[in-house]
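If you're matching positions, the sequence shown starts at 1 in our numbering and goes up one per residue. First the structure, in the form of C-alpha coordinates, and then the observations on it.
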Amino acid sequence: MLKVFSGEGDVGAWIQKVELVARLTKVTDFASFLLLYLEGNTLAVYLEMGDKEKTDATVIKHDKVIEAFACSRFVAFSKLRSCKLTGEPVDVFQMRLGEWPEKVG
(Lines of atoms letter the chains of each structure in order from A; the text may use other names.)
(Lines give C-alpha, C1' and ligand atoms only; values in the text may rest on other atoms or scores of the structure.)
Protein backbone atom coordinates (compact mmCIF):
# COMPACT_ATOMS: atom_id res chain seq x y z
CA MET A 1 0.00 0.00 0.00
CA LEU A 2 1.00 3.64 -0.06
CA LYS A 3 3.38 5.12 2.43
CA VAL A 4 3.10 8.68 3.65
CA PHE A 5 5.59 11.20 2.29
CA SER A 6 7.38 13.53 4.66
CA GLY A 7 9.90 15.01 2.24
CA GLU A 8 12.54 12.28 2.23
CA GLY A 9 13.15 10.06 -0.76
CA ASP A 10 12.26 10.41 -4.43
CA VAL A 11 9.22 12.69 -4.58
CA GLY A 12 8.66 12.01 -8.29
CA ALA A 13 8.50 8.25 -7.82
CA TRP A 14 6.22 8.69 -4.81
CA ILE A 15 3.79 10.89 -6.76
CA GLN A 16 3.73 8.36 -9.63
CA LYS A 17 2.81 5.67 -7.12
CA VAL A 18 0.06 7.83 -5.59
CA GLU A 19 -1.34 8.52 -9.07
CA LEU A 20 -1.31 4.81 -9.90
CA VAL A 21 -3.11 3.85 -6.67
CA ALA A 22 -5.64 6.65 -7.20
CA ARG A 23 -6.32 5.47 -10.75
CA LEU A 24 -6.63 1.80 -9.73
CA THR A 25 -9.01 2.65 -6.89
CA LYS A 26 -10.97 5.07 -9.07
CA VAL A 27 -10.39 8.11 -6.86
CA THR A 28 -12.29 11.13 -8.17
CA ASP A 29 -10.92 13.82 -5.83
CA PHE A 30 -7.17 13.43 -6.21
CA ALA A 31 -6.30 16.58 -4.24
CA SER A 32 -8.08 15.27 -1.13
CA PHE A 33 -6.66 11.78 -1.65
CA LEU A 34 -3.12 13.13 -1.87
CA LEU A 35 -3.57 15.05 1.38
CA LEU A 36 -4.11 11.77 3.26
CA TYR A 37 -0.51 10.75 2.51
CA LEU A 38 1.33 13.94 3.45
CA GLU A 39 3.08 14.39 6.78
CA GLY A 40 5.83 16.45 8.33
CA ASN A 41 7.42 18.92 5.92
CA THR A 42 5.16 18.04 3.00
CA LEU A 43 2.07 18.60 5.11
CA ALA A 44 3.53 21.94 6.22
CA VAL A 45 3.94 22.95 2.55
CA TYR A 46 0.32 21.98 1.90
CA LEU A 47 -0.98 23.89 4.93
CA GLU A 48 0.77 27.07 3.72
CA MET A 49 -1.11 26.95 0.40
CA GLY A 50 -4.17 29.10 -0.30
CA ASP A 51 -7.66 27.58 -0.30
CA LYS A 52 -7.89 27.58 -4.11
CA GLU A 53 -4.48 25.92 -4.49
CA LYS A 54 -5.46 23.16 -2.04
CA THR A 55 -8.19 21.96 -4.42
CA ASP A 56 -5.96 21.83 -7.52
CA ALA A 57 -4.07 18.54 -7.72
CA THR A 58 -1.68 19.87 -10.38
CA VAL A 59 -0.66 22.80 -8.19
CA ILE A 60 -0.20 20.53 -5.19
CA LYS A 61 1.88 17.94 -7.09
CA HIS A 62 4.02 20.01 -9.39
CA ASP A 63 4.07 23.59 -8.20
CA LYS A 64 4.39 22.89 -4.51
CA VAL A 65 5.44 19.39 -3.47
CA ILE A 66 7.80 18.54 -6.34
CA GLU A 67 9.24 22.05 -6.37
CA ALA A 68 9.92 21.89 -2.64
CA PHE A 69 11.30 18.34 -2.42
CA ALA A 70 12.76 17.37 -5.80
CA CYS A 71 16.50 17.58 -6.26
CA SER A 72 17.92 20.51 -8.18
CA ARG A 73 19.09 20.24 -11.79
CA PHE A 74 22.68 20.22 -10.59
CA VAL A 75 22.11 17.36 -8.16
CA ALA A 76 20.19 15.44 -10.83
CA PHE A 77 23.05 15.93 -13.32
CA SER A 78 25.56 14.72 -10.75
CA LYS A 79 23.46 11.61 -10.09
CA LEU A 80 23.08 10.98 -13.83
CA ARG A 81 26.86 11.10 -14.30
CA SER A 82 27.46 8.69 -11.44
CA CYS A 83 24.87 6.05 -12.42
CA LYS A 84 26.40 2.61 -12.76
CA LEU A 85 24.93 -0.83 -13.31
CA THR A 86 25.24 -2.35 -9.83
CA GLY A 87 23.81 -5.83 -9.88
CA GLU A 88 20.31 -4.77 -10.83
CA PRO A 89 18.52 -6.05 -13.95
CA VAL A 90 19.38 -4.10 -17.10
CA ASP A 91 15.77 -2.98 -17.65
CA VAL A 92 15.61 -1.53 -14.12
CA PHE A 93 18.93 0.26 -14.66
CA GLN A 94 17.68 1.62 -17.99
CA MET A 95 14.47 2.90 -16.38
CA ARG A 96 16.43 4.55 -13.55
CA LEU A 97 18.82 6.12 -16.04
CA GLY A 98 15.91 7.44 -18.09
CA GLU A 99 14.58 9.42 -15.12
CA TRP A 100 17.65 11.62 -14.69
CA PRO A 101 17.73 13.50 -18.03
CA GLU A 102 14.12 14.53 -17.38
CA LYS A 103 15.10 15.86 -13.96
CA VAL A 104 18.17 17.63 -15.33
CA GLY A 105 15.96 19.49 -17.80
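Heads up, the beta-carbon is just placed ideally off N, CA and C, and yes, glycines get one too.
At the level of alpha carbons, what is the spacing between residue i and residue j?
| i | j | result |
| --- | --- | --- |
| V59 | A13 | 17 angstroms |
| K52 | V92 | 39 angstroms |
| K61 | V4 | 14 angstroms |
| G40 | S6 | 5 angstroms |
| L24 | E48 | 30 angstroms |
Taking the continuous alpha helix (DSSP H) assigned at residue i, which residues delimit it?
| i | result |
| --- | --- |
| V18 | 11-24 |
| K52 | 51-54 |
| Y46 | 40-47 |
| S32 | 30-35 |
Any idea if residue i is buried or exposed, counting beta-carbon neighbours within 10 angstroms, 16 or more meaning buried?
| i | result |
| --- | --- |
| T42 | buried |
List the whole-angstrom C-beta distance separating residue i from residue j, where the pair is believed to meet the contact cut-off of C-beta under 8 angstroms.
| i | j | result |
| --- | --- | --- |
| V45 | V21 | That belief does not hold up - the Cβ atoms of V45 and V21 are roughly 21 angstroms apart, past 8 angstroms. |
| L34 | A57 | 6 angstroms |
Closer than 8 angstroms by C-beta to residue i: which residues in its own chain qualify, once you throw out the five before and the five after it? Chain order, please.
| i | result |
| --- | --- |
| K17 | L2 |
| D10 | none |
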